[in-house]
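**Q** Position 131 of the first sequence, counting from 1, maps to 125 under my numbering, and the rest follow consecutively. For each residue, glycine too, the CB sits at the ideal point set by N, CA and C. All values derive from a computational prediction rather than experimental measurement. Sharing a structure, written as structure tokens. Questions coming.
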Amino acid sequence: MKIASWNVNSLNVRLPHLQQWLASAVPDVVGLQETKLDDPRFPDTELVGLGYRSVFAGQKTYNGVAILSREPATDVQIGIPGFDDEQKRVIAATVGGVRVINLYVVNGQDVGTDKYAYKLRWLDAVHDWVADELQRHPQLVVLGDFNIAPDARDVHDPEVWNEYHILTSAAERTALQRLLDLGLHDAFRLHHDDAGVFSWWDYRQAAFRRNLGLRIDLTLVSEALRTRCSGAGIDREPRSWERPSDHAPAWVELAG
DNA sequence: ATGGTTGGAACCCAA
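What follows is the structure in structure tokens.
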């Protein structure tokens, strides 16, 4: 079972890329972030032809998440239960016995801003909810655009991306660690320990060509899935296509 | 280097 995560930065613009990538990578489940479209405009019929059904929670202009799957998705949850949030950043569903939580984590703008405070509050609510979900669903995957680079290997310049910088600040990394401490594992790191493998590159300053990126798109697997996780990686190729998303798809393979 | 680029809106915001 191949499970992937991709921040498409507008599904309107990126639908051809998504279709091309689905046809070649053939994932069983995909969590999308930043679809940036209202539910009535979600291109679900265009994806049926490729063998995918969709569940989604969108809004105009900003945010928006979806789960595509070859098998039906059940027990769909939109938003964090008990956490009042106008922004559509969370959708969860069960596919093939695996609970999949798809997150578009708040960016946070800059350390110390209101948006940063919202990010930390939001991550706190996610923590409590994931703790709950783990009780109900031992076979759990938490994936998405985390907008947090786990450690120095995951940034091109650790001197810039330090404990005071957005996406790498101490409080953000502590929030990620608290999630992992619930009994989750960064699937990529189960299979690779090298530095310089990234999932996001800024559009500016030819960052992709120079590999000035960050690894902020993560897939966390529960203890029960850790032994089933036979591989993980990041598909850089779609980032090289014409008019790309600034993120590349990240994937994990679960055996059995 | 307070720059630079992209997407979607409306002549700026978020990333």
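So what does DSSP say about Ser48, is it helix, strand or coil?
**A** For this step, residue 48 is matched to residue 54 along the first sequence. Strand.
**Q** What residues in its chain sit with their C-beta under 6 Å from that of Val24, if we drop five residues either side in the sequence?
**A** For the purposes of this step, residue 24 is taken as residue 30 along the first sequence, with counting starting at 1. Closer than 6 Å at Cβ, skipping near neighbours: Ala(-2) and Leu62.
**Q** Would you mind working out which of Glu40, Val70, Thr39 and Leu44 sits nearest Ala51, comparing C-alpha positions?
**A** On the first sequence, position 57 is the one that residue 51 refers to. For Ala51, the nearest C-alpha among the options comes from Val70.
**Q** Flag this pair as yes or no: are the beta carbons of Trp0 and His185 separated by less than 9 Å?
**A** Your numbering for residue 0 matches position 6 in the first sequence. Your numbering for residue 185 matches position 191 in the first sequence. Result no, Cβ atoms of Trp0 and His185 do not sit closer than 9 Å.
**Q** Tell me, which residues are paired with Trp194 by DSSP?
**A** In the first sequence, residue 194 corresponds to position 200, counting from 1. Trp194 is bridged to Leu208 and His241.
**Q** Taking Cys223 as the reference, which of Ser239, Gly90 and Phe182 has the closest Cα?
**A** Sequence index remark: in the first sequence, residue 223 carries index 229 (1-based). When each option's Cα is compared against that of Cys223, the closest is Phe182.
**Q** Please list, in chain order, all residues of the same chain as Arg64 whose beta carbon is under 7 Å from its beta carbon, the five residues on each side excluded.
**A** Within the first sequence, residue 64 is the residue found at index 70, counting from 1. Excluding residues within five positions, the ones whose Cβ falls inside 7 Å are Asp22, Gly45 and Tyr46.
**Q** Measuring CA to CA, which of His159, Val191, Ile72 and Val92 is closest to Arg147?
**A** On the first sequence, position 153 is the one that residue 147 refers to. Measuring from the Cα of Arg147, the nearest candidate turns out to be Val191.
**Q** Got a sec: does the ligand GDP put a non-hydrogen atom nearer than 8 Å to the Cβ of Leu128?
**A** Of the ligands one can find in the structure shown there are none, so the ligand GDP has no counterpart to examine.
**Q** In whole angstroms, what separates the C-alpha of Arg220 from that of Leu134?
**A** Walking along the first sequence from the start, residue 220 turns up at place 226. Walking along the first sequence from the start, residue 134 turns up at place 140. Between Arg220 and Leu134, the C-alpha separation is close to 10 Å.
**Q** What span of residues does the beta strand (DSSP E) with His179 cover, start to end?
**A** Residue 179 sits at position 185 when you count from the first residue of the first sequence. Start and end: Leu178 to Asp180.
**Q** Going by DSSP, what residue range makes up the alpha helix (DSSP H) through Thr162?
**A** Numbered from its first residue, the first sequence carries residue 162 at position 168. No alpha helix (DSSP H) contains Thr162, which DSSP labels as neither H nor E.
**Q** Quick one: give me the first and last residue of the beta strand (DSSP E) that Arg83 is part of.
**A** As a working note, residue 83 is residue 89 in the first sequence. Looking at the DSSP string, Arg83 is not in any beta strand (DSSP E), and its letter there is neither H nor E.
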